Amino acid sequence: MASSAGESPVQESQPRREWLLRCRDSRGELAVCSIGVGAGELGVCGPDDTESFRLHPWEVAAFRRAFDEAIAQVEADLAAR
């Protein structure tokens, strides 16, 4: 069955609810971590669900601020090499 002008019947769900990221497990092996959103909360799961935590809506901004500061410090450390 042909779709109408430019619309595909195969589409990602919107809005996106999960992001998969490459990471390393405790042994340094390549693994997958995930960030998921549901019911207004943000959840982060480490490889094999060994480490996970959930942030309530009022905690997300503080997490973002801390994560941004940590990224800036990593960049400064790398620039100082």
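Add 100 to the 1-based position in the sequence shown for the numbering used here, that's all there is to it. No residue lacks a Cβ here, since even glycine has one placed at the ideal position from N, Cα and C. Predicted, not measured: the structure shown is a model, and the values here were computed from it.
Taking a 10 Å sphere around the C-beta of C133, we find 16 or more other C-beta atoms and assign the residue as buried.
As for any beta strand (DSSP E) of minimum length 3 sitting wholly inside the region 125-172, the runs are 130-138, 141-145, 152-155, ordered along the chain.
At least 8 Å separates the beta-carbon of G136 from that of E107.
In this structure the region 147-154 does not lie against the region 169-176, because fewer than three pairs of beta carbons, one per stretch, are closer than 8 Å.
Leaving aside the five residues that flank G140 on each side, the residues in its chain whose CB is nearer than 6 Å to its CB run, in chain order, P157.
In this model, D177 and E112 are separated by some 38 Å (Cα to Cα).
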